[in-house]
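S.K.: Residue numbers (the UniProt record's numbering): 1 to 594. Cβ coordinates follow ideal geometry from the N, Cα and C atoms, glycine included. Note that the structure is predicted; figures quoted are calculated from it, not measured.
(1) Looking at the strands, I want to know which residues DSSP matches up with residue 293.
(2) Looking only at C-alpha atoms, which of 291, 328, 320 sits nearest to residue 305?
(3) Which same chain residues end up closer than 6 Å to residue 264 when comparing Cβ atoms and leaving out the 5 residues on each side of it in sequence?
(4) Could you check the C-alpha separation between residue 509 and residue 259 for me, to the nearest Å?
(5) By how many angstroms is the C-alpha of residue 23 removed from the C-alpha of residue 280?
(6) At what residue ranges does the segment 124-192 contain a whole run of the alpha helix (DSSP H), taking only runs of 4 or more?
(7) Any idea which residues DSSP pairs residue 261 with across the strands?
(8) Excluding sequence positions up to five away, which residues of its chain have a Cβ less than 7 Å from the Cβ of residue 461?
(9) Suppose you measure from the CA of residue 502 to the CA of residue 44; what does that come to, to the nearest Å?
(10) Within its chain, find whatever has a CB closer than 8 Å to the CB of residue 271; leave out the 5 residues flanking it on each side and keep chain order.
(11) Within 10 angstroms of the Cβ of residue 172, are there 16 or more other Cβ atoms? Answer buried if so, exposed if not.
(12) Taking the straight line between their C-alpha atoms, what separation do you get for residue 426 and residue 374?
(13) Helix, strand or coil, according to DSSP, for residue 303 in the structure here?
(14) Please report how far the alpha carbon of residue 517 lies from the alpha carbon of residue 251, in whole angstroms.
(15) CA-CA distance, residue 48 and residue 505?
(16) If contacts are defined as beta-carbon pairs under 8 Å, then residue 124 and residue 84 qualify, I think. What distance do you get, rounded to the angstrom?
(17) Which whole-angstrom value describes the C-beta separation of residue 132 and residue 126, a residue pair presumed to lie in contact below a C-beta threshold of 8 Å?
(18) Which residue from 243, 522, 468 puts its Cα closest to that of residue 299?
(19) Can you pull the DSSP bridge partners for residue 256?
(20) From what residue to what residue does the beta strand (DSSP E) around residue 366 run?
(21) Determine the closest residue to residue 179 out of 568, 168, 193, with distance taken between C-alpha atoms.
(22) Which class does residue 516 belong to by DSSP, given the choice of helix, strand or coil?
(23) Between which two residues does the alpha helix (DSSP H) harbouring residue 599 extend?
(24) Measure how close the beta-carbons of residue 289 and residue 419 come, nearest whole angstrom, since I'm counting them as under 8 Å.
(25) Taking the beta strand (DSSP E) that residue 60 belongs to, which residues open and close that run?
(26) In whole angstroms, give me the CA-to-CA distance for residue 335 and residue 284.
(27) Residues in its own chain within less than 7 Å of residue 82 by CB, not counting five upstream and five downstream?
(28) Any idea what DSSP makes of residue 323, helix, strand or coil?
(29) What did DSSP end up calling residue 73 once you bin it into helix, strand or coil?
(30) Give the DSSP-derived three-state secondary structure of residue 284 in the structure shown.
(31) Between which residues of its own chain and residue 530 is the CB-CB distance below 6 Å, once the five residues before and five after are set aside?
(32) Hey, how far is the Cα of residue 143 from the Cα of residue 213?
(33) Let me know the alpha helix (DSSP H) ranges lying completely inside the segment 196-229, each 4 residues or longer, listed in chain order.
(34) Let me know the secondary structure DSSP gives residue 50 once reduced to three states.
(35) Over the uninterrupted alpha helix (DSSP H) stretch that includes residue 509, give me the two end residues.
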């Protein structure tokens with residue numbers, strides 16, 4: 001299928017042209033060229049998604065077909081095609097927002113975004129393990145450059161270096177795991193590996209899976225591989241954060257799911273992924289509440305929600321995978337919209353610290369509405385994708401005895417949504433800082449990323465966030481039948497091998513994934529209520545007491561715990577590398593069969 005090759009080739013070709021001639025082209029021409037290229041990729045991905053349930057969407061690069069041992073297939077099953085479409089849509093939104101956002105922007109920014117899109121689409125479509133590593137590394141290298149785009153600031157260089165070093169260490173381990181698989185099977189294609197590995201579920205296979213997954217877990221920001229994420233989001237340009245939180249970290253989850261079901265299905269347990277995902281969900285939610293820097297807060301929220309995605313994958317159930325797909329779509333839309341709203345605040349007020357912004361967002365009703373609705377979406381307001389995903393996944397988790405998943409999902413959703421609700425009230429509803437006691441803790445002025453502070457935001461900065469927010473809040477209405485069938489095909493080891501190697505489309509029919517259940521609606525109500533409680537508690541000022549306060553020891557313990565958590569996120573690369581080593585050891589111990 002030429003259409004799959006064009007999905008990757010079009011952004012690469014336009015990126016090459018802009019890199020060569022962009023410095024001499026007017027800004028409008030550069031913007032229009034990049035947007036048209038991404039729009040073309042969006043159309044190609046939409047066509048691929050429409051065709052994927054009805055015919056084999058597979059192409060072999062270079063004419064090397066199955067059976068040669070060196071063929072590189074691009075494969076588009078329904079979930080892969082949907083993820084590629086999501087990637088293109090978020091890139092389109094980021095580019096449109098960038099039109100009026102930056103103080104200065106050169107064509108190299110558009111070039112990097114186009115290469116980032118090509119790498120992400122290639123990673124989603126590839127059916128070759130080594131080729132996945134190549135696209136994965138291209139994605140990472142471009143992400144390093146985008147993180148450090150404003151390299152004149154020391155904090156930006158620091159955040160980009162942390163990201164680059166930790167992601168590179170994870171990539172080296174992934175490459176080592178690929179080498180072990182190739183040594184055992186003589187194959188690099190995922191489908192071919194899957195047909196060779198059954199019967200070889202031994203220590204070498206386990207070690208290979210652990211090493212391969214380490215790189216993906218770093219990109220997915222699972223605990224304890226997560227330290228780079230908040231540092232990178234705090235310094236990366238706002239449109240780049242949309243892609244980082246909206247789709248890049250989710251690709252780490254996709255990489256684990258694709259590798260497991262295509263090649264390692266039944267050979268290794270996924271309890272290590274489940275434990276690290278649960279830890280990320282809880283720690284990310286707690287750290288989210290402790291932040292006053294809005295971009296850092298949203299980054300920790302991403303860690304928490306991606307942890308739930310990892311737990312859904314680790315459930316090893318098509319139903320749980322269907323719920324994970326709903327959650328991914330809902331999270332991408334809501335989180336991207338929140339980052340764009342944070343960028344609007346940065347444009348107007350040159351800071352994203354919630355204490356400095358107290359009451360200063362009253363003149364920005366649209367941005368305030370995005371924060372309010374985004375918070376409700378994070379809490380699981382029906383019919384958002386996060387609500388549908390949690391409802392479906394919780395039902396599937398209950399069938400396998402995972403009683404802990406529901407309280408974990410409710411707690412993490414409530415904490416992350418409560419933090420955003422707190423920001424909404426403090427920035428968009430509370431009186432100015434001078435109307436009451438000072439909050440303290442302000443982070444101060446930040447260098448603007450924008451051309452100038454705009455009195456009213458142009459439609460190019462408003463429409464992308466509004467559309468993405470609406471999509472995230474309504475994605476739970478996607479029919480459950482196609483989602484469940486796509487998840488069943490994705491999780492069917494034999495179906496993927498037949499699609500790639502035999503050119504046969506699996507005819508699977510799964511019961512619809514129905515989120516409209518009493519437990520699902522009850523869980524959403526509890527999450528929303530707890531999110532309000534968290535926000536009110538954070539906003540409430542402790543009154544001066546003349547009598548002893550019985551809760552004072554608890555407050556001291558909470559403050560001490562918060563200080564320790566902040567100390568763990570030290571920003572020192574040596575600490576992060578040590579945690580990565582510990583994480584690999586824990587993952588290996590939990591993945592080894594008893």
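M.R.: In brief:
(1) 353
(2) 328
(3) 209
(4) 23 Å
(5) 43 Å
(6) 129-147, 154-185
(7) Partner(s): none; residue 261 has no beta bridge.
(8) 97, 100, 101, 344
(9) 24 Å
(10) 314, 590, 591
(11) exposed
(12) 15 Å
(13) helix
(14) 29 Å
(15) 14 Å
(16) 5 Å
(17) 5 Å
(18) 243
(19) Answer is none; residue 256 lacks a bridge partner.
(20) Counting along the chain, residue 366 falls outside any beta strand (DSSP E), though it belongs to the alpha helix (DSSP H) covering 365-379.
(21) 193
(22) coil
(23) The question about residue 599 has no answer, for the chain in this structure spans 1 to 594.
(24) 5 Å
(25) 58-61
(26) 14 Å
(27) 49
(28) helix
(29) strand
(30) helix
(31) 414
(32) 19 Å
(33) 203-220
(34) helix
(35) Per DSSP, residue 509 belongs to no alpha helix (DSSP H) and is neither H nor E.
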